[in-house]
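A.B. asks: From first to last, the protein sequence lines stand for chains A and B. Going by our numbering, the letters in the first sequence line up with residues 14 to 235, in that order. Going by our numbering, the letters in the second sequence line up with residues 28 to 173, in that order. Don't be surprised by glycine CBs; every beta carbon is placed ideally from N, CA and C. Keep in mind the model is a prediction, meaning the values are calculated, not measured. Below are the structure tokens for one structure; questions will follow.
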Amino acid sequence: MSQQVAVADKIVRHRVGHHWPNAELEFSGAKLGFWIFLCTEILMFGGLFVAYTYFRSLYPETFHEAHKTLSIPLGTLNTGVLILSSFTVVMAIRSAMVNQRKAMLGYLYATLFLAGAFMFVKLAFEWPHKFHMGTLPAAFYTYDGLSHVPKPHIFYGLYFVMTGLHGIHVLIGMGLITWLIIQGHKGVFYKGYFTPLEIVGLYWHFVDLVWIYLFPLFYLAG
Amino acid sequence: MAHHHHSENIHEVDHEPLPTKVYVGVLVGLAFLTFVTVWVAQFDFGILNVPIALAVATMKASLVILYFMNLKYDKGFNAVAFLAGFIFLVVFALPTLWDRETRDALDPDRNVIVHHTRPGYPPQVTGEKPAEPKAEEKAAEPVAAD
Chain A
14 MSQQVAVADK IVRHRVGHHW PNAELEFSGA KLGFWIFLCT EILMFGGLFV AYTYFRSLYP
74 ETFHEAHKTL SIPLGTLNTG VLILSSFTVV MAIRSAMVNQ RKAMLGYLYA TLFLAGAFMF
134 VKLAFEWPHK FHMGTLPAAF YTYDGLSHVP KPHIFYGLYF VMTGLHGIHV LIGMGLITWL
194 IIQGHKGVFY KGYFTPLEIV GLYWHFVDLV WIYLFPLFYL AG
Chain B
28 MAHHHHSENI HEVDHEPLPT KVYVGVLVGL AFLTFVTVWV AQFDFGILNV PIALAVATMK
88 ASLVILYFMN LKYDKGFNAV AFLAGFIFLV VFALPTLWDR ETRDALDPDR NVIVHHTRPG
148 YPPQVTGEKP AEPKAEEKAA EPVAAD
């Protein structure tokens with residue numbers, strides 16, 4: 014059932030699916046489908062951003078005081094890490110488009126490393142600190158440093174749900190990038206075919222977009 | 028990409044990538060705007076704090092969408108599909124916040140006040156014509172303790 018023909022330079026040349034008339038339509042069809050998926054992603058995160066806005070308008074002083082417990086240096090570091098990883102993804106795609114497979118793989122490994130670094134900062138530094146302090150959602154909240162403002166646990170509920178859903182997206186992205194690396198080593202991606210790179214790239218930039226808004230809303234704007 | 032070279036080969040695409048310097052420029056721009064938003068956060072602009080932070084974030088988001096996600100040179104319908112999400116979000120957010128801001132308002136049809144004693148909980152309809160609150164009650168607006 015091979016739709017692909019191996020050639021001497023280890024590039025596996027792409028054959029379009031039988032349901033597509035040509036590669037151009039296959040490529041643009043896949044992309045349109047993914048843009049529509051990203052539209053639904055806006056709505057999923059959007060519901061949480063509306064919840065954030067609603068509770069912030071109810072308890073502005075709580076959000077002002079509670080946001081001071083988050084680490085701006087760590088948040089800034091992770092912002093830089095994600096922005097850099099968006100850059101390495103576009104460079105991986107660009108490398109495939111000019112048939113530079115080694116560079117493409119290098120950029121993909123760099124992206125995977127940066128994604129791992131982001132999760133490491135979250136899971137090894139930020140979240141354990143909150144578990145230690147008791148700045149946690151709902152009934153798990155035990156911190157006594159914010160007793161002068163109402164319902165501080167709501168801030169941490171929103172924080173953990175929103176950055177948690179974002180973190181799940183990062184983990185899924187790491188899985189997808191690993192898959193790209195495996196396929197890349199097989200020689201699947203080159204100038205004539207790079208659709209999965211392009212699609213995962215869009216996904217990864219969207220994850221970056223969400224963080225671009227999470228960072229100021231939780232860490233900076235008090 | 029804007030330039031599609033249609034060859035006889037139906038199995039492979041042939042797209043011209045953007046130059047590397049565009050991507051490097053966007054990366055530098057994003058780093059700079061991150062610095063700006065962190066730097067500006069140390070100053071207190073009162074109610075403008077959040078709008079300023081969101082304005083910078085939206086500049087960053089625009090760079091990512093237009094150049095990293097390539098929407099500037101992509102098919103227009105992809106932009107429609109993506110931006111529709113933001114329009115739906117506005118449709119969701121605005122009436123919700125409108126409701127939030129008018130919870131304490133008089134309902135003229137029923138001549139009752141619809142208000143909340145515990146913010147965020149279902150509203151209570153008193154059925155009574157609202158009495159003018161006493162001066163001391165007005166002053167001591169609750170900080171909604173449990």
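List the whole-angstrom C-beta distance separating Val94(A) from Gly214(A), where the pair is believed to meet the contact cut-off of C-beta under 8 Å.
C.D. replies: Incorrect: roughly 17 Å between the Cβ atoms, too far for contact.
A.B. asks: Work out the CA separation of Leu189(A) and Met42(B) for me, nearest whole Å.
C.D. replies: Inspection of the sequence shows that residue 42(B) is occupied by His rather than by Met. Roughly 23 Å separates the two Cα atoms.
A.B. asks: Taking only the alpha-carbon atoms, compute the straight-line gap between Ala234(A) and Tyr65(A) and give it to the nearest angstrom.
C.D. replies: When rounded, the distance between both Cα atoms is 13 Å.
A.B. asks: Could you give the distance in angstroms between the alpha-carbon of Leu127(A) and the alpha-carbon of Thr129(B)?
C.D. replies: Approximately 45 Å, taken between the alpha carbons.
A.B. asks: Measuring CB to CB, does Leu71(A) end up less than 8 Å from Val134(A)?
C.D. replies: No, they are not a contact pair.
A.B. asks: So, is the C-beta of Leu54(B) closer than 8 Å to a C-beta in chain A?
C.D. replies: Leu54(B) counts as touching chain A.
A.B. asks: Just the Cα atoms here: how many angstroms apart are Thr61(B) and Thr92(A)?
C.D. replies: So the alpha carbons of these two residues sit roughly 8 Å apart.
A.B. asks: If I'm right that Ala68(B) touches Ala80(B) with Cβ under 8 Å, what's the distance once you round it to whole angstroms?
C.D. replies: Between Ala80(B) and Ala68(B) the Cβ distance is about 7 Å, and since that is below 8 Å, they are a contact.
A.B. asks: Grouping DSSP H, G and I as helix and E and B as strand, with all else coil, what is His42(B)?
C.D. replies: Here His42(B) sits in strand by DSSP.
A.B. asks: Closer than 7 Å between beta carbons: that is the criterion. Which residues of the region 99-113 of chain B meet it against chain A?
C.D. replies: Cβ contacts with chain A come from Lys102, Phe104, Asn105, Ala108, Phe109, Ala111, Gly112, Phe113.
A.B. asks: Within 10 angstroms of the Cβ of Val220(A), are there 16 or more other Cβ atoms? Answer buried if so, exposed if not.
C.D. replies: It counts as buried.
A.B. asks: Flag Glu37(A) as yes if its beta-carbon sits less than 8 Å from any beta-carbon of chain B, otherwise no.
C.D. replies: Cβ-Cβ to chain B under 8 Å: yes for Glu37(A).
A.B. asks: Once DSSP output is grouped into helix, strand and coil, what is the label at Tyr67(A)?
C.D. replies: Three-state result, Tyr67(A): helix.
A.B. asks: Roughly how many angstroms separate the alpha carbons of Leu222(A) and Val91(B), rounded to a whole number?
C.D. replies: About 7 Å.
A.B. asks: Pick helix, strand or coil for Arg114(A), following the three-state DSSP scheme.
C.D. replies: If DSSP states are grouped into helix, strand and coil, Arg114(A) belongs with the helices.
A.B. asks: Determine the chain B residues that contact Trp48(A) at a beta-carbon separation under 7 Å, and present them in chain order.
C.D. replies: The contacting residues are Asn105, Ala108, Phe109.
A.B. asks: Count the other CB atoms, across all protein chains shown, that sit within 10 Å of the CB of His166(A); report buried if there are 16 or more and exposed otherwise.
C.D. replies: Buried.
A.B. asks: Whose CA, out of Leu97(A), Ala105(A), Ile181(A), lies closest to the CA of Pro44(B)?
C.D. replies: Checked all of Leu97(A), Ala105(A), Ile181(A); the closest Cα to Pro44(B) is Ala105(A).
A.B. asks: So which residues on chain A does Val65(B) lean against when the C-beta distance must stay under 8 Å?
C.D. replies: The answer, in chain order, is Ile85, Thr89, Leu233.
A.B. asks: Answer with buried or exposed for Asp101(B), where buried requires no fewer than 16 other C-beta atoms within 10 angstroms of its C-beta.
C.D. replies: With 16 or more other Cβ atoms within 10 Å, it is buried.
A.B. asks: To the nearest angstrom, how far is the alpha carbon of Thr101(A) from that of Pro78(B)?
C.D. replies: Cα to Cα, the separation comes out at about 30 Å.
A.B. asks: Under a CB-based cut-off of 8 Å, is Val77(B) close to chain A?
C.D. replies: Closer than 8 Å: yes.
A.B. asks: Do you know how far the Cα of Leu110(B) is from the Cα of Pro163(A)?
C.D. replies: If I take the Cα positions, the gap works out to 37 Å.
A.B. asks: Give me the chain A residues within the contact set of Phe95(B), using Cβ-Cβ distance strictly less than 7 Å, ordered along the chain.
C.D. replies: Under the 7 Å cutoff, chain A gives Ser99, Val103, His218.
A.B. asks: Taking the continuous alpha helix (DSSP H) assigned at Lys164(A), which residues delimit it?
C.D. replies: Segment: none, Lys164(A) is in no alpha helix (DSSP H) and carries neither H nor E.
A.B. asks: Taking the Cβ atom as the reference point for each residue, do Ser99(A) and His182(A) lie within a distance shorter than 8 Å?
C.D. replies: Their beta carbons are not under 8 Å apart, which means Ser99(A) does not touch His182(A) by this criterion.
A.B. asks: Using the Cβ count rule (16 or more neighbours within 10 Å means buried), how would you classify Glu39(A)?
C.D. replies: Classification for Glu39(A): buried.
A.B. asks: Exposed or buried, what is Ala84(B) when buried is set at 16 or more other beta-carbons lying within 10 Å of its beta-carbon?
C.D. replies: When all chains shown are included, Ala84(B) counts as buried.
A.B. asks: Counting Cβ pairs, one atom from each stretch, are 3 or more of them under 8 Å apart for the region 46-63 of chain A and the region 165-179 of chain A?
C.D. replies: Segments in contact, yes.
A.B. asks: Who are the Cβ neighbours of Thr208(A) in its own chain at under 6 Å, not counting the five residues just before and after it?
C.D. replies: So the list reads Phe40, Ala43, once near-sequence residues are dropped.
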